[in-house]
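Chains as they are written, first to last, in full-length UniProt numbering: chain A, 1 to 233; chain B, 1 to 390.
To keep things clear, I will list the structure first and then write my remarks on it.
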């Protein structure tokens, strides 16, 4: 198969205006991937499937990945003015001095949700080509175009990604929860998911479970609602 | 309507399920087949709309066995997920082990010694034979042949499970493979016992085929029923015997040559019509090819270590990166996608379940057929709910 750089060039010449970025894989597997912009995803997908040389007709795997907001601590050299008492001609005098100090600043890198596709070609028996797409953020702009019209195998897998990660695939014919029940509200595969503490009845609670059960019992008596109902709300 | 939505409406070659119009008068009958239906192989539901006996609409409903295997694996170390992969497709725990070990070996760049590769091939092919035999047995059970074919299949399966038990300590939850090799070495006595079992398998398949292949009822119920066209099969990501039953020549053992499959001579059986009968025939012929592979592997197995000496069991931390490893499991393409951030747990752990993805075309195959055939079509897909729901 062509290298990812060649495929990137082929996509850019076939789909004008498509933004494609090579994401290198530092591990020994060296399966490098291409990150595409969601705006051109349908055109790129159609090109990848129908191009006679690539002929990636088999979408093997659709995966969601959660990248939460990352707090990065950076050490920055800051110059600031400090007032100091300096020995002057007539006793101590206050004077402003320039001083450089190291300061730790925290910067939040916004997170996103990512979907990863593994494509193979049955006609040419090559692959995999790894394609990635990212949402704008993790809260309100989580739409990505669905590739189900191009590869039918995405139908259930996109439903699963929607179910567990909360990525909304526009253009999907039947986007419903697939593994969790329909009334469920949260997205369990996200890294910041907190599970309710009474999903299961624990007949002989001890240690950690006992503590959780007692805590839960107290809360139930306080509020009068069970945790399950709280989730359903 | 967003831009993407309007675009996707116009995409050429969208393989939607066909629309079947009811032809009679009166209302459609809505039937929930399952979740506790003997033909659903576990807890699985099909919401079927019937016009008389014809299926007008069919929606599969999953999730009854969901335990979020992927989330649990992300909270555990790499090795701790190995026994849990047994529970995915509990008929074929050894191939699940292999797929996971292969993905981790790709992720960490480990080598596998030759003897371990041979042991893996032997165990995977034994798994394939017992899976296909029981699948055919269950299919016949659903056709109304109560007991007999299934018991014939289980008799042979039991011999193979005895081999698994004597080697790994467990009949079904084997937990045998490790990153860079296998857990325990096989003994000469075990290899001799395996040779003896394998020598008896062709006779079993001959007997099985004499009962079934030309059986009038089986032919009447299976031929021309549940047809899957090859272009739809490829587009819908179908893999394994279902894909080859539709005549698409794609076997990952031949394509990827993972392990040492390039050393063995075997053929890939293909179907012609893509109906239930072809899927049955492909499975029977695959068992015969598996025996041929087993004969070669048991003849050529070398002496040597079974673990990569550089393999690290404790404190195993692959370098940051990602890998997708896949094998030809008995049910289809079983893949594991792992992302490592350099820590002791995988950052992302994803199972590509063949059982779930093979169900994508269940509706397409069943529409317009009789409701009694739905059970057979479903049986010919060969799923295990532990893997569908994860």
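Backbone N, C-alpha and C define an ideal beta-carbon position, used for all residues, glycine too.
Please read all numbers here as calculations on a predicted model, not as lab measurements.
Checklist entry - What three-state label does DSSP hand residue 85/B in the structure shown? => result Within the second chain, numbered from 1, the residue matching residue 85/B stands at position 85. DSSP places residue 85/B in helix when its eight states are reduced to three.
Checklist entry - Can you name the start and end residues of the beta strand (DSSP E) that residue 103/A belongs to? => result Sequence index remark: in the first chain, residue 103/A carries index 103 (1-based). It spans 91-109 - the beta strand (DSSP E) in which residue 103/A sits, taken as one unbroken run.
Item to check | Any chain B beta carbon closer than 7 angstroms to residue 40/A | outcome: On the first chain, position 40 is the one that residue 40/A refers to. No, residue 40/A does not count as interfacial toward chain B.
Checklist entry - If the cut is a Cβ gap below 7 angstroms, which residues of chain B does residue 65/A touch? => result In the first chain, residue 65/A corresponds to position 65, counting from 1. Per Cβ cutoff of 7 angstroms: 339, 348.
Checklist entry - Out of curiosity, what's the CA-to-CA distance linking residue 162/A and residue 189/A? => result Within the first chain, residue 162/A is the residue found at index 162, counting from 1. Within the first chain, residue 189/A is the residue found at index 189, counting from 1. Computed Cα separation, rounded: 10 angstroms.
Item to check | For residue 125/A, the three-state DSSP class (helix, strand or coil) | outcome: To locate residue 125/A, count along the first chain from 1; it is residue 125. Three-state result, residue 125/A: coil.
Checklist entry - Excluding the five sequence neighbours on either side, which residues of its own chain have a C-beta within less than 8 angstroms of the C-beta of residue 51/A, listed in chain order? => result On the first chain, residue 51/A is found 51 positions in, with the first residue counted as 1. Result list for residue 51/A: 10, 14, in chain order.
Checklist entry - Checking contacts by CB at 7 angstroms: is residue 85/B closer than that to chain A? => result Stepping through the second chain from its first residue, residue 85/B is reached at position 85. No, no contact with chain A.
Checklist entry - Enumerated in chain order, which unbroken segments of the beta strand (DSSP E) with a length of 3 residues or greater are wholly contained in the segment 259-313 of chain B? => result none
Next on the checklist: In whole angstroms, give me the CA-to-CA distance for residue 49/A and residue 185/A.
Outcome noted: Here residue 49/A is taken as the residue at index 49 of the first chain, counted from 1. Here residue 185/A is taken as the residue at index 185 of the first chain, counted from 1. Looking at the two C-alpha atoms, the distance is approximately 35 angstroms.
Item to check | Those runs of the alpha helix (DSSP H) which lie wholly inside the segment 149-215 of chain B and span at least 4 residues | outcome: 188-212
Checklist entry - If you measure from the beta carbon of residue 111/A to each beta carbon in chain B, is any gap under 7 angstroms? => result Position 111 of the first chain, counted from the first residue, corresponds to residue 111/A. Residue 111/A does not count as touching chain B.
Checklist entry - Does DSSP put residue 16/B in a helix, in a strand, or in coil? => result Start at 1 with the first residue of the second chain, and residue 16/B comes out as number 16. Residue state, collapsed to three classes: coil.
Next on the checklist: Closest to residue 227/B by C-alpha separation, out of 243/B, 25/B, 129/B, 385/B, would be which residue?
Outcome noted: If you number the second chain from 1, residue 227/B lands on position 227. Considering only alpha carbons, the answer is 243/B.
Next on the checklist: For a test of the three-state rule: what should DSSP assign to residue 67/B, helix, strand or coil?
Outcome noted: On the second chain, residue 67/B is found 67 positions in, with the first residue counted as 1. Residue 67/B falls in the coil class under three-state DSSP.
Checklist entry - To the nearest angstrom, how far is it from the Cα of residue 105/B to the Cα of residue 22/B? => result The residue you call residue 105/B lines up with position 105 of the second chain. The residue you call residue 22/B lines up with position 22 of the second chain. Rounded to whole angstroms, residue 105/B to residue 22/B spans 53 angstroms at the Cα level.
Checklist entry - Quick one: Cα of residue 162/B to Cα of residue 6/A, how far? => result Start at 1 with the first residue of the second chain, and residue 162/B comes out as number 162. Start at 1 with the first residue of the first chain, and residue 6/A comes out as number 6. When rounded, the distance between both Cα atoms is 52 angstroms.
Checklist entry - In this structure, does DSSP put residue 248/B in helix, strand or coil? => result Your numbering for residue 248/B matches position 248 in the second chain. Correct three-state label for residue 248/B: coil.
Checklist entry - When the distance is taken between beta carbons, is residue 110/A closer than 7 angstroms to residue 69/A? => result Taking the first residue of the first chain as position 1, residue 69/A is located at position 69. Taking the first residue of the first chain as position 1, residue 110/A is located at position 110. The answer is yes: Cβ separation under 7 angstroms.
Next on the checklist: At the level of alpha carbons, what is the spacing between residue 220/B and residue 275/B?
Outcome noted: On the second chain, residue 220/B is found 220 positions in, with the first residue counted as 1. On the second chain, residue 275/B is found 275 positions in, with the first residue counted as 1. So the two alpha carbons sit approximately 12 angstroms from each other.
Checklist entry - From which residue to which residue does the beta strand (DSSP E) around residue 67/A run? => result Residue mapping note: residue 67/A aligns to position 67 of the first chain, counting from 1. Note, residue 67/A: beta strand (DSSP E), 58-67.
Checklist entry - How about residue 202/A: is its C-beta nearer than 7 angstroms to some C-beta of chain B? => result Counting from one through the first chain, the residue named residue 202/A turns up at place 202. For residue 202/A, the predicted model reports a pLDDT of 46, less than 50, meaning its position is unreliable; a value from the coordinates is still stated below. Chain B, which has no Cβ nearer than 7 angstroms to the Cβ of residue 202/A, makes this no.
Item to check | Extent of the continuous alpha helix (DSSP H) to which residue 164/A belongs | outcome: On the first chain, residue 164/A is found 164 positions in, with the first residue counted as 1. From DSSP, the alpha helix (DSSP H) with residue 164/A extends over 154-165.
Checklist entry - Using a Cβ-Cβ cut-off of 8 angstroms (strictly less than) and excluding sequence neighbours within five positions of residue 254/B, which residues of its own chain qualify? => result Indexing the second chain from 1 puts residue 254/B at position 254. These residues qualify, in order along the chain: 261, 268.
Checklist entry - Of all the CB atoms in chain A, is at least one closer than 7 angstroms to the CB of residue 14/B? => result On the second chain, position 14 is the one that residue 14/B refers to. Answer yes: the Cβ-Cβ gap between residue 14/B and chain A drops below 7 angstroms somewhere.
Checklist entry - Within the 7 angstroms Cβ cut-off, does residue 317/B reach chain A? => result As a first step, residue 317/B is located in the second chain; it is residue number 317 there, counting from the start. Output row for residue 317/B: interface = no.
Next on the checklist: Using a Cβ-Cβ cutoff of less than 7 angstroms, which residues in the same chain neighbour residue 223/B once the five nearest sequence positions on both sides are dropped?
Outcome noted: Along the second chain, read from residue 1 onward, the residue named residue 223/B stands at position 223. Only 275, 277 meet the Cβ criterion.
Item to check | Segment contact flag, the segment 193-208 of chain B with the segment 344-362 of chain B, C-beta cutoff 8 angstroms, min 3 pairs | outcome: no
Next on the checklist: Rounded to whole angstroms, what is the Cα-Cα separation between residue 31/A and residue 1/A?
Outcome noted: On the first chain, position 31 is the one that residue 31/A refers to. On the first chain, position 1 is the one that residue 1/A refers to. Distance between the alpha carbons of residue 31/A and residue 1/A: 12 angstroms.
Next on the checklist: Report the CB separation of residue 79/A from residue 98/A in whole angstroms; it is logged as a contact under 8 angstroms.
Outcome noted: Working through the first chain from its first residue, we reach residue 79/A at position 79. Working through the first chain from its first residue, we reach residue 98/A at position 98. Between residue 98/A and residue 79/A the Cβ distance is about 6 angstroms, and since that is below 8 angstroms, they are a contact.
Next on the checklist: Below 9 angstroms on C-beta distance, what does residue 47/A contact in chain E?
Outcome noted: Of the protein chains in this structure, namely A and B, none is chain E.
Checklist entry - Quick one, are the C-beta atoms of residue 98/B and residue 120/B less than 7 angstroms apart? => result Looking up residue 98/B in the second chain gives position 98. Looking up residue 120/B in the second chain gives position 120. Yes, Cβ-Cβ distance for residue 98/B and residue 120/B is below 7 angstroms.
Next on the checklist: Looking at the strands, I want to know which residues DSSP matches up with residue 74/A.
Outcome noted: Within the first chain, the letter at position 74 stands for residue 74/A. In DSSP, residue 74/A forms a bridge with 105/A.
Checklist entry - Which residues, in order along the segment 68-98 of chain B, keep a beta-carbon less than 8 angstroms from a beta-carbon of chain A? => result 68, 70, 71
Checklist entry - Short check: CB of residue 25/B to CB of residue 371/B, under 7 angstroms? => result In the second chain, the residue the question calls residue 25/B occupies position 25. In the second chain, the residue the question calls residue 371/B occupies position 371. Contact flag unset, no.
Next on the checklist: I need the straight-line Cα distance from residue 144/A to residue 45/A, nearest angstrom please.
Outcome noted: In the first chain, residue 144/A corresponds to position 144, counting from 1. In the first chain, residue 45/A corresponds to position 45, counting from 1. Each residue's Cα considered, the two are about 13 angstroms apart.
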